[in-house]
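> Quick one: structure below, then a few questions.
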Amino acid sequence: MHIGFLGLGNMGAPMARNLLKAGHRLSVFDLSDTAVADLVEAGATEAASPAALAQGDVEVIITMLPAATHVKSVYLGANGLLANVQPGVLLIDSSTIDPLSAREVAKVALAQGNPMLDAPVSGGTGGAAAGTLTFMVGGAPSAFEHAQPILATMGKNIVHCGGAGNGQVTKVANNMLLGISMIGVAEAMALGVALGMDASVLAGVINTSSGRCWSSDTYNPFPGVMDNVPAARGYSGGFGTDLMLKDLDLATEAAKHARQPVLLGATAQQLYQSFSQQGHGALDFSAIINLYRKQEA
Ligand code: NAD
-3 MHIGFLGLGN
7 MGAPMARNLL
17 KAGHRLSVFD
27 LSDTAVADLV
37 EAGATEAASP
47 AALAQGDVEV
57 IITMLPAATH
67 VKSVYLGANG
77 LLANVQPGVL
87 LIDSSTIDPL
97 SAREVAKVAL
107 AQGNPMLDAP
117 VSGGTGGAAA
127 GTLTFMVGGA
137 PSAFEHAQPI
147 LATMGKNIVH
157 CGGAGNGQVT
167 KVANNMLLGI
177 SMIGVAEAMA
187 LGVALGMDAS
197 VLAGVINTSS
207 GRCWSSDTYN
217 PFPGVMDNVP
227 AARGYSGGFG
237 TDLMLKDLDL
247 ATEAAKHARQ
257 PVLLGATAQQ
267 LYQSFSQQGH
277 GALDFSAIIN
287 LYRKQEA
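Shown next as structure tokens:
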């Protein structure tokens, strides 16, 4: 199948490589010449612009862009995808953006005869490279069926979450819970240790008791409790604080539009914002535990 791919960053590049490995023909576009050159070396063809990519004989276009402003300009701009694409071409946006923007773009696409899916992912850069991402997909069932085998070359769990925007809704709800649960585990671990507990013994009990969750048993933020997590390597790698902050911003903004209270989500957003402002935005989000622990001089 001939697929167009725009946005060859930390996530998009390995996803595009997996499409090539699966035997698809790929036309690619990115603002970064280096990102494009790397994919061309792997077998893709360079498109000169989003318009040129859309005017080709692509059957599906996938985008993996930083934020809603980029998605809107790439799709809705005068020289963008929608102004140039043939009717019937399936459009899949895997960027993480707010559900309202996703629905706005999908509505325009559908009105001109292009089915569109929002398909944000979880699994990080490791999952993108391994082809084990989870795709949370919003859009019409027929478009989902069409996209399923393509997404399956880049991911392991492909879940249809409902109509347009519902992939983004699922993503922000899950990540808001993750942001909150990480703070909860950090607070409990720091309290236990401050009161004299051994961190590993405490984590062991939590992980077989009612406080257990992914943040405690798979990604524990307390250093020394687990190997192979960011806490074991100075909070490098993993899922950056600024990326978590972006997702909490999306959740709290979406909640505002729906007039839906997110008391803990808003508090979590403020805590990560404060941590980022202190210069720690590049650290893994589990480093939020440092807000609770005395730092060594
Ligand atoms: P990134 O910044 O590494 O890559 C974005 C790419 O888009 C860059 O190569 C940039 O040059 C390109 N780009 C920007 N504007 C463009 C335009 N107008 N036309 C063409 N290309 C353009 O970001 P990333 O880490 O790959 O993340 C992409 C999306 O995936 C984001 O929405 C992010 O929130 C989401 N996401 C990231 C992770 C992660 O761990 N990095 C995990 C899950 C979801």
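Letter by letter, the sequence shown follows residues -3 to 293 in our numbering.
Glycine included, each C-beta is placed from N, C-alpha and C at the ideal position.
As the structure is a computational prediction, the values presented were derived from the model and not from experiment.
1. Taking the DSSP output, what are the residues bridged to asparagine 153?
2. Compare the beta carbon distance of aspartate 280 and glycine 234 with 7 angstroms and say whether it is the shorter of the two.
3. Give the DSSP-derived three-state secondary structure of serine 118 in the structure shown.
4. Please report the distance separating the alpha-carbon of serine 97 from that of asparagine 162.
5. Out of Gly52, Ile57, Gly3, which one is the CA nearest neighbour of alanine 328?
6. If you measure between the beta carbons of valine 24 and proline 46, is that distance less than 7 angstroms?
7. Tell me whether the segment 268 to 276 and the segment 234 to 248 touch, counting them as touching only if at least three CB pairs, one residue from each stretch, are closer than 8 angstroms.
8. Just how far apart, CA to CA, sit alanine 18 and threonine 149?
9. Find out if the Cβ-Cβ distance for the pair cysteine 157, glycine 120 is shorter than 7 angstroms.
10. Looking only at DSSP bridge pairs, what is isoleucine 57 linked to?
11. Sorted by chain position, which residues of the same chain lie with C-beta nearer than 6 angstroms to valine 101's C-beta, five sequence neighbours on each side aside?
12. Given 6 angstroms as the limit, tell me if glycine 5 has its C-beta closer than that to any heavy atom belonging to the ligand NAD.
13. Rounded to the nearest angstrom, how far is the Cβ of alanine 264 from that of leucine 244, given a contact under 8 angstroms?
14. Verify the contact flag: methionine 60, CB atom, against every heavy atom of the ligand NAD, threshold strictly below 6 angstroms.
15. Should the segment -3 to 16 be called in touch with the segment 33 to 48, which here means at least 3 C-beta pairs below 8 angstroms?
16. Suppose you measure from the CA of glutamine 274 to the CA of alanine 190; what does that come to, to the nearest Å?
17. Is threonine 130 near the ligand NAD, judged by its Cβ being under 6 angstroms from some heavy atom?
18. Quickly, what does DSSP pair isoleucine 41 with across the bridge? List them, please.
19. Should aspartate 245 be counted as a contact of the ligand FAD given a C-beta to heavy atom distance under 6 angstroms?
20. Helix, strand or coil, according to DSSP, for glycine 159 in the structure here?
21. Measure the C-alpha to C-alpha separation of valine 117 and glutamine 164 and round it to an integer number of angstroms.
22. Residue range of the alpha helix (DSSP H) that alanine 228 falls in?
This is what the structure gives:
1. Taking the sequence shown and counting its residues from 1, the one referred to as residue 153 is at position 157. Thr130.
2. Position 284 of the sequence shown holds residue 280. Position 238 of the sequence shown holds residue 234. Cβ distance < 7 angstroms, so aspartate 280 and glycine 234 count as in contact.
3. Counted from its first residue, the sequence shown places residue 118 at position 122. Correct three-state label for serine 118: strand.
4. Taking the first residue of the sequence shown as position 1, residue 97 is located at position 101. Taking the first residue of the sequence shown as position 1, residue 162 is located at position 166. Computed Cα separation, rounded: 12 angstroms.
5. The first residue shown for the chain is -3 and the last is 293, placing residue 328 beyond what the model contains.
6. On the sequence shown, residue 24 is found 28 positions in, with the first residue counted as 1. On the sequence shown, residue 46 is found 50 positions in, with the first residue counted as 1. Taking 7 angstroms as the Cβ cut-off, valine 24 and proline 46 do not qualify as a contacting pair.
7. yes
8. For the purposes of this step, residue 18 is taken as the residue at position 22 of the sequence shown. For the purposes of this step, residue 149 is taken as the residue at position 153 of the sequence shown. Going by the C-alpha atoms only, they are around 7 angstroms apart.
9. Mapped onto the sequence shown, residue 157 falls at position 161. Mapped onto the sequence shown, residue 120 falls at position 124. Not in contact: cysteine 157 and glycine 120 (Cβ atoms no closer than 7 angstroms).
10. As a first step, residue 57 must be located in the sequence shown, where it is residue number 61. According to DSSP, isoleucine 57 bridges with Gly0, Leu87.
11. Looking up residue 101 in the sequence shown gives position 105. Contacts found: Tyr71.
12. Translated into positions along the sequence shown, residue 5 becomes position 9. It does: the Cβ of glycine 5 is within 6 angstroms (strictly closer) of some heavy atom of the ligand NAD.
13. Locating residue 264 in the sequence shown gives position 268, where the first residue counts as 1. Locating residue 244 in the sequence shown gives position 248, where the first residue counts as 1. Correct: roughly 6 angstroms between the Cβ atoms.
14. Looking up residue 60 in the sequence shown gives position 64. True, at least one ligand heavy atom lies under 6 angstroms from that Cβ.
15. yes
16. Taking the first residue of the sequence shown as position 1, residue 274 is located at position 278. Taking the first residue of the sequence shown as position 1, residue 190 is located at position 194. One C-alpha to the other measures close to 23 angstroms.
17. Residue mapping note: residue 130 aligns to position 134 of the sequence shown, counting from 1. It does not: the Cβ of threonine 130 is nowhere closer than 6 angstroms to a heavy atom of the ligand NAD.
18. On the sequence shown, position 45 is the one that residue 41 refers to. The sequence as given places threonine at residue 41; isoleucine does not occur at that position. Answer is Ser23.
19. With respect to the ligand FAD, the structure shown offers nothing to examine, as its ligands consist of the ligand NAD.
20. Position 163 of the sequence shown, counting from 1, holds the residue named residue 159. Residue state, collapsed to three classes: coil.
21. The residue you call residue 117 lines up with position 121 of the sequence shown. The residue you call residue 164 lines up with position 168 of the sequence shown. Between valine 117 and glutamine 164, the C-alpha separation is close to 9 angstroms.
22. Taking the sequence shown and counting its residues from 1, the one referred to as residue 228 is at position 232. Note, alanine 228: premise wrong, no alpha helix (DSSP H); not H, not E.
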